[in-house]
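Take a look at the structure:
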């Protein structure tokens, strides 16, 4: 729910308790649409009746799953985490540190070039974690989105968060009910000016149906701007930014509801409209355009990657739906069938390739029975080193030193090992796994909460990792379900932060940097710097992270406190936009990053 003063929250809960009535049979599923509310609607009006019905459901959720149960569960997880992690040395495995409440579930997250993190999801309609928390099938006002900013520089308290609600919209659901845009389960990626383009969402009903919504979030003004609707509704689409800075949008369930994935491909902004480049280039009312080629994925949220050949690789969940798209020629070609069968929500990562952009992708997760990882390189699939066990709903990040780290996971969607919507979890999924430079994996320490479906993670500019998401586990382990802080965030310090002093990165250029050009940075520890890397920021949902990228920069010389560097060769190696620049020493310890803007008109 939106952040409100505690007194207001308590008043609402008191009203909900007063409205609550005993029922003779089991309660109706939380996801059921509220179309009729009986005599109450005649007295109060439809809007008030719906609001009261939602409050009653929320109150019932706290009664059926009382606070004492949530508190005991969280305490148990804290103790099991402490016991598990006692055997992991921080200098080898890293460590989990702070765990704190958040006002949002974090179904979607994006690191912004201001250093703040955008989190957005939905207003919950249920407080019982054995039921669907979100308004997937809800029609009307309570099918609403929400968004917050977390500023790590402000710490971990409530004042570190700022509410940035999406625009109020009217959805084509027949109710004429204005509400904050229900843009949850949309797709997103970055524009060259650091803004986040968000496409799609949920109209409600029909198992969740696709919205045509199109927005950008501006990190500089911290506001949302609406663009012209897409040609088709999309619920669970994927979006990737190409070498020209334009966003390619594929897949998603259409406005006709779940089971109707759209094959249409769209591009934003449409040709004829300038790509937003400068911070004040705010796209508002700008259209997308349909491409001729189609992407007939049978299942939603395919992995999309723009690799160094300038092509967009669409890796579907079905083994036979692996495609390569040429966004310039607007054509699609077949890729070989992936060795593994169907994979659910699992991660995929464009592998670091030194001074050039990535030319291969590692697909992992999505099948709890298959721990292997699969690499696509040069148009061929190979089976790579397995992880310790299979998991779905996982996230895999590229760290500044080029290693990979997997966090989160479950047995299946909403199933943590003991059946769907059962918050009791198989705790092995809490352990991270790290992939070294030789491709071998090793298990590491455990996070506080099990996090599966809708879980997320990203690397912060200071080198730490933020972990969030999974509304079911968050409300099942909420330290105060009545305080409006529905979500939680946990921070992890990779091993490189426990290996001694960090290099310093003091100054970087403020303007745009052209590709394949030299530039200088200053460092008071310049003599210790052995490596410089660019790490693209992450925007991720549902294990789909199309934005990740890791590139080494050529060191062209060191003179005093000045270090000469050279940018990547071209836009296909590194699409235009904002990147974190890290300096690393001989032990792989990174500096705190500073942001640079790559690419020029």
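Residue numbers (my numbering): 9 to 609.
By construction, the Cβ of each residue, glycine as well, lies at the ideal position given by its N, Cα and C atoms.
From a predicted model like this one, the values you see are computed outputs, not experimental measurements.
Smallest Cα separation from residue i: which of the options?
i           : options            : result
residue 215 : 166, 267, 202      : 267
residue 374 : 449, 574, 187, 350 : 350
residue 229 : 144, 236, 596, 124 : 124
residue 345 : 330, 337, 354      : 330
residue 198 : 335, 516, 424, 556 : 556
residue 452 : 71, 69, 84, 97     : 97
residue 510 : 171, 531, 83, 420  : 531
residue 599 : 446, 561, 514      : 514
residue 460 : 219, 113, 322      : 113
residue 101 : 92, 358, 386       : 92
residue 336 : 358, 381, 256      : 256
residue 174 : 592, 167, 147, 206 : 206
residue 436 : 537, 211, 457      : 457
residue 584 : 148, 218, 89, 253  : 253
residue 352 : 78, 120, 462, 221  : 462
residue 473 : 504, 484, 448, 483 : 504
residue 403 : 296, 466, 389      : 466
residue 355 : 554, 499, 88       : 554
residue 78  : 116, 482, 156, 161 : 482
residue 476 : 488, 494, 490, 469 : 494
residue 581 : 561, 592, 570, 387 : 561
residue 486 : 108, 440, 104      : 108
residue 603 : 609, 590, 594, 596 : 590
residue 447 : 424, 309, 383      : 383
residue 394 : 157, 564, 442, 388 : 442
residue 537 : 552, 548, 526, 592 : 592
residue 431 : 136, 122, 104      : 136
residue 361 : 455, 577, 341      : 577
residue 75  : 496, 105, 182, 484 : 484
residue 232 : 586, 528, 85, 127  : 127
What first and last residue would you give for the beta strand (DSSP E) that runs through residue i?
i           : result
residue 101 : No beta strand (DSSP E) contains residue 101, which is instead part of the alpha helix (DSSP H) from 98–101.
residue 246 : 246–249
residue 301 : 297–302
residue 334 : 330–334
residue 324 : That residue, residue 324, is in no beta strand (DSSP E); it is neither H nor E in DSSP.
residue 468 : Looking at the DSSP string, residue 468 is not in any beta strand (DSSP E), and its letter there is neither H nor E.
residue 313 : 311–314
residue 356 : 356–358
Thinking residue i and residue j are a contact (beta carbons under 8 Å), I'd like their distance in whole angstroms, please.
i           : j           : result
residue 111 : residue 492 : 6 Å
residue 379 : residue 397 : 5 Å
residue 203 : residue 224 : 5 Å
residue 152 : residue 134 : Wrong, their Cβ atoms sit about 14 Å apart, outside the cutoff.
residue 607 : residue 520 : 7 Å
residue 572 : residue 534 : Contact doesn't hold; Cβ gap of about 10 Å is too wide.
residue 445 : residue 471 : About 18 Å separates the two Cβ atoms, so there is no contact after all.
residue 358 : residue 313 : 5 Å
residue 242 : residue 188 : That belief does not hold up - the Cβ atoms of residue 242 and residue 188 are roughly 19 Å apart, past 8 Å.
residue 260 : residue 249 : Residue 260 to residue 249, Cβ: 17 Å. No contact.
residue 212 : residue 145 : 6 Å
residue 234 : residue 292 : 7 Å
residue 70  : residue 429 : Not confirmed; about 17 Å, so no contact.
residue 149 : residue 185 : 4 Å
residue 543 : residue 406 : 7 Å
residue 321 : residue 273 : Actually they do not touch by this definition, with Cβ atoms about 14 Å apart.
residue 310 : residue 323 : 6 Å
residue 559 : residue 386 : Going by Cβ atoms, the distance from residue 559 to residue 386 rounds to 19 Å, so no, they are not a contact pair.
On the DSSP bridge assignment, give the partners of residue i in chain order.
i           : result
residue 290 : Its beta-bridge partners do not exist; DSSP assigns none.
residue 617 : Absent from the model: residue 617. The displayed extent of the chain is 9 to 609, so no value can be given.
residue 603 : 588
residue 451 : 441
residue 476 : 464, 497
residue 345 : DSSP lists no partner for residue 345.
residue 261 : 243, 269
residue 276 : 255
residue 619 : No answer is possible for residue 619: it lies beyond the span of the chain, which begins at 9 and ends at 609.
residue 339 : 334
Establish whether the CB of residue i and some CB of chain D are separated by less than 7 Å.
i           : result
residue 170 : Going by chain labels, chain D is absent from the structure shown, which holds only one protein chain.
Which residue comes first and which comes last in the alpha helix (DSSP H) that contains residue i?
i           : result
residue 481 : 479–484
Give a single yes or no on whether residue i has its beta carbon closer than 6 Å to a heavy atom of the ligand GDP.
i           : result
residue 132 : The model depicted lacks the ligand GDP and carries no ligand whatsoever.
Curious, which full-length alpha helix (DSSP H) runs of at least 4 residues does the segment 513–570 contain? Scanning the segment 513–570 from its first residue to its last, no whole alpha helix (DSSP H) run of 4-plus residues comes out.
Could you tell me which whole beta strand (DSSP E) segments of length 3 or greater appear in the segment 365–418? Positions of the beta strand (DSSP E) runs, each at least 3 residues long and wholly inside the segment 365–418, are given as 368–371, 381–385, 388–392, 403–406, 412–415 in order along the chain.
Counting only runs that start and end within the segment 79–140, where is the alpha helix (DSSP H) found for 4 or more residues in a row? 98–101
Fully enclosed by the segment 189–244, which beta strand (DSSP E) runs are 3 residues long or longer? 195–198, 204–207, 222–226, 231–234
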